[in-house]
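Chemist: Please see the structure below; I have some questions.
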Amino acid sequence: MPENKLELLQGTLDLMVLQTLSAMGPLHGYGVARRIEQISGDQVLLNQGTIYAALIRLQQRGWISAKWGTSENNRQARFYSITKRGLQKLAAETDYWRRLSDVMGRVLATAEESSK
Amino acid sequence: MTDWIRETSARFVSLFRKQAMDADLEKDLATHVDLLTSDNQRRGMTPDEARRQALVSMGGLSAVKELHRDTRGLPWVDTLMQDVKYSFRTLRRDAGLTTFAIIIVGLGVGASSTVFNLFNALLLRPLPFSEPDRLTWISNARGEGMSARTIQSDYVLDMRAQAKSFSDVAAYYAFYGVGDSKMTGVGDPERLTGVPVTQNFFPLLGVQPRYGRNFNQQESQMRGPRAILLSHRFWERRFASDPQVVGRPVVLDGDPFTIIGVLPESFDFGSMFAPGRQIDIFMPLPLAPEINRQGNTSFAIGRLKAGVSLESARSELTVLGKNLTEQHRDRNNFVPAVVGLRDQVSGSFRSAMVVLSCAVAVLMLVVCANLSNLLLARAVSRQREMAVRAALGAGKARLIRQMLTESLVLSLAGSTVGLVLAIGGTRLLTRLDTVGIPLLLHARVDGTALAFVMLAAIFTGIVFGLTPALRTSGISVNSTLKESGRGTSEAKGHGLLRGGLVVSEIALACVLLVGAGLLIRSFLRVLEVNLGFRPESAVTMRVDPSPRYATVEQRNAYFDEMLRRAGEIPGVQAAALTDALPLGRNRTGAPRQRGRRTREGEFPLAFVRVVSDGYFKAMGIPIRSGRDFTQRDTPSAQGCHHHQRGGSPSASGLGRIPSAKS
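Chains as they are written, first to last, in the numbering used here: chain A, 17 to 132; chain B, 407 to 1068.
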């Protein structure tokens, strides 16, 4: 396992799951995990089991909903899809993350300049 | 916020769907592992390796399930339930101690919440009137006794017209007699107690009749149509809660009256204004010259205008009372005293209630000290258990929580017993309707009382559980486990603490005992006061000959026959008549001695009682000198004879009955 994978910050996994479901439509747990790993280019250290904690949390908050379906390997699994409220939440959170990373980028840029 | 509520309720619901949710997760995880394994195989792993890698990247299935449970549920509830279950197990093992503890807590909580219910009814809960804070009680401050404290009715009219602090002033007639009205015409005849009230009395208090209506203008005038309102209790008892009673005629003292309404259950005149009395009916009190001529008769109730303080109303009335007294020399003096209605009703019980509450608080402390001690003793025998748990990795906080859960389970169980006792106790208290405590009937177990019991339970649980919990969790694992065998020696500090608890327990119990002893002593002193007559084994009964006995002779014959028959009843030692019982109504007279001239203002003032022969024997009043009346002391005019004897200094029979004057 590569040493330099990113540890996920608190709350980032929830946002990733929401975004994934919003982009891909209904997915089961493995689908979500695989998609996040693909998109991140295997850069994040994703303990795939934690996906299920995130899924139940989002479901209890009413941001995603679950429906039983059949997976590629013909087995039963729950397929999760984003709800209307989830979409609203996603928009708000995306905006928040954009602003935060923007600010972080700028702050860190000044730090680089001054250390030169 | 709504997200939070949604999430919390979902988490709460999930506590009850554990198995279903676990099964769902199980299916998801199986599919997940399957898919991951086949993907891994596609990357060239052997089937076994592929599966192993899949499980690794999942982070271990049991860890995933654990995380899932913690995320979806309320982890602290799970721990709590575990602790509670464990507490039940250990407490059941110690059945003796558990029973004892539950009984002690039950008694303590029962006593304290009964007192609290009384406290609540007397001092906390608002009076059952509309805007009770604006109600005031207006009386006359001319001295002790009803005559000096009541107000002449014209002053009530003047206050209504002139006092600007009040939106209205009503009054009730204070000299109504218990059992003064004889009701006939409906079933068995019965003596009723009725209070005359002004027309605006009920509207001012905000009391709406449950059925029917309030008195109208005509009924509230002298010689107007005769109307009565029934109290709820009387209506229930005598008319079997029949709503059709409104409009029915009844005969009171030979006159026809119409029932115009029934008052609501929440209004109990007796418990507000005359504790220990039950009022059956209300009739209108006309503020007419005829009533005014009777002198001081009424107490007034004023409703303050919004925003007017009691002080400003008081100063306004003081001035008004002075001016009115000066303007109307023909009336009695009026020195208004204004207090809030609540203070009038139950203010005098405040200090008693505070003392009682303190006593109960001390009692609760004794309960806590007692249980604390018991649990400490038990903690010693559980040192090993705690040490083992600590050695297995239980944190100090976890152990304290476990111990506190145990004591809370104990105190909650005890409080349940206490609640039952309190319900019974409060019910008993409300039955004491001859005791002169106001608002007693309003004492009941309500939401506030339940909250009080809950708080008391939690408080006692923590208080008596904390010391043992801290003690037990602070033990040294190493030394406790090393000591072999059971019943390890008690640490020195431990013994000191328990000794201290016992000492404080005894000290608190002593405080209670001494206090109770002093109270009982004072009470016995009150009972020992020489009344001048012997009330024990004396019974009284009110007798009114029917109007058929028209002449004095007929009535006397009726009385003589009645006394003769009463005296013949087995067990009756003496029977006699009086027009006024001791400590009852006062009626002053100015008896004159025959053959002696008395100047104006020099009349000896005396309380005159008209009595029959044998009265002194029946009442147990000793005759210091002279003799009792006999049958022969009955010439033409009985009353005159008595007066003469009362006033004569040589045979001062009546004058020597000092207690009757008090």
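Just so it is clear, CB atoms sit at the ideal spot from N, CA and C, and this is done for glycine as well.
1) Using alpha carbons as the reference points, say which of B:Q960, B:L846, B:Y582 lies closest to T599 of chain B.
2) Helix, strand or coil for G463 of chain B, going by three-state DSSP, please let me know.
3) List, in chain order, every chain B residue whose beta-carbon is nearer than 7 Å to that of T110 of chain A.
4) Distance, Cα to Cα, S677 of chain B vs H848 of chain B?
5) So is Y46 of chain A in contact with chain B if we call contact Cβ pairs under 7 Å?
6) Cβ of Q92 of chain A less than 7 Å from any chain B Cβ?
7) I need the boundaries of the alpha helix (DSSP H) containing W410 of chain B, first residue and last residue.
8) Starting from I544 of chain B and walking both ways along the beta strand (DSSP E), at which residues does that stretch end?
9) Please decide whether A402 of chain B counts as near chain A, where near means a Cβ-Cβ distance under 7 Å.
10) Considering only C-alpha positions, which residue in the set B:A547, B:E942, B:A796 is nearest to A743 of chain B?
11) Does any residue of chain B have a CB that is nearer than 7 Å to the CB of R51 of chain A?
12) If you measure from the CB of E472 of chain B, is any heavy atom of the ligand NAP nearer than 6 Å?
13) Starting from K433 of chain B, find everything on chain A with Cβ-Cβ shorter than 9 Å and list it in chain order.
14) Of the residues B:D852, B:S817, B:V815, B:L730, which one's Cα is nearest the Cα of R833 of chain B?
15) How about N526 of chain B and T854 of chain B: do their beta carbons lie closer than 7 Å?
16) Which whole-angstrom value is the C-beta distance of A507 of chain B and L872 of chain B, which I expect to be below 8 Å?
17) Going along the stretch 428-457 of chain B in order, which residues come within less than 9 Å of chain A, judged by CB to CB distance?
18) My output table needs one value for L24 of chain A: the three-state DSSP class, helix, strand or coil.
19) For V470 of chain B, which residues in chain A fall below 7 Å Cβ to Cβ?
20) Does the stretch 516-534 of chain B come close enough to the stretch 824-831 of chain B that 3 or more CB-CB pairs lie under 8 Å?
21) When the cut-off is 7 Å and only beta carbons count, does I72 of chain A lie next to chain B?
22) Among B:H438, B:I685, B:M464, B:G450, which has the Cα closest to the Cα of T66 of chain A?
23) Does the CB of G465 of chain B have a neighbour CB from chain A at under 7 Å?
24) Does DSSP put S704 of chain B in a helix, a strand or coil?
25) M860 of chain B lies in the alpha helix (DSSP H); which residues open and close that run?
26) Kindly give me the distance between the Cβ atoms of S571 of chain B and R555 of chain B, rounded to whole angstroms, as I take these residues to be in contact under 8 Å.
27) Which two residues bound the contiguous beta strand (DSSP E) that contains T520 of chain B?
28) Would you say S379 of chain B and L726 of chain B are within 7 Å of each other, going by their C-beta atoms?
29) What is the rounded straight-line gap between the Cα of N779 of chain B and the Cα of P538 of chain B?
30) Should G893 of chain B be flagged as near chain A, meaning a C-beta pair shorter than 7 Å?
31) Select from B:L635, B:K424, B:N606 the residue whose C-alpha is nearest the C-alpha of K471 of chain B.
32) Using a Cβ cut-off of 7 Å, pull out every chain B residue sitting near S97 of chain A, in sequence order please.
33) At what residue ranges does the stretch 923-982 of chain B contain a whole run of the alpha helix (DSSP H), taking only runs of 4 or more?
34) By the three-class DSSP mapping on this structure, what secondary structure does P655 of chain B have?
35) Relative to the alpha-carbon of D594 of chain B, which residue among B:R931, B:R954, B:V657 has its alpha-carbon at the smallest distance?
36) Would a C-beta distance cut-off of 7 Å place S87 of chain A and P42 of chain A closer than the cut-off?
Modeler: The structure says:
1) B:Y582
2) Residue 463 of chain B is actually Ser in this sequence, not Gly. Three-state result, S463 of chain B: helix.
3) None at all; the shortest Cβ gap to chain B is about 17 Å.
4) Between S677 of chain B and H848 of chain B, the C-alpha separation is close to 8 Å.
5) yes
6) yes
7) Annotation: the continuous alpha helix (DSSP H) that includes W410 of chain B extends over 408-421.
8) Counting along the chain, the unbroken beta strand (DSSP E) around I544 of chain B starts and ends at 541-546.
9) The first residue shown for chain B is 407 and the last is 1068, placing residue 402 of chain B beyond what the model contains.
10) Of the candidates B:A547, B:E942, B:A796, the one whose C-alpha sits nearest the C-alpha of A743 of chain B is B:A547.
11) no
12) Ligands displayed in this structure: none; no statement on the ligand NAP is therefore possible.
13) W84, R91, Q92, A93, R94
14) R833 of chain B has its Cα closest to that of B:D852, out of B:D852, B:S817, B:V815, B:L730.
15) yes
16) So it is not a contact: roughly 15 Å between Cβ atoms.
17) Shown in chain order are the members of the stretch 428-457 of chain B whose Cβ falls below 9 Å from a Cβ of chain A: D430, L431, K433, D434, L435, A436, T437, H438, V439, D440, L441, L442, S444, D445.
18) Residue state for L24 of chain A is assigned as coil, using DSSP reduced to three classes.
19) G65, Y68
20) yes
21) yes
22) B:M464
23) yes
24) strand
25) Counting along the chain, the alpha helix (DSSP H) containing M860 of chain B begins and ends at 853-879.
26) With a Cβ gap of about 21 Å, S571 of chain B and R555 of chain B do not count as contacting.
27) Counting along the chain, T520 of chain B falls outside any beta strand (DSSP E), though it belongs to the alpha helix (DSSP H) covering 501-525.
28) Because chain B spans 407 through 1068 in this model, residue 379 of chain B falls outside it and cannot be assessed.
29) 47 Å
30) Residue placement at G893 of chain B cannot be trusted, given a pLDDT of 47 that sits under 50; what the coordinates show is reported in the next sentence. No - not a single Cβ of chain A is within 7 Å of the one on G893 of chain B.
31) B:K424
32) The contacting residues do not exist; S97 of chain A stays about 15 Å from chain B at best.
33) 958-974
34) strand
35) B:V657
36) no
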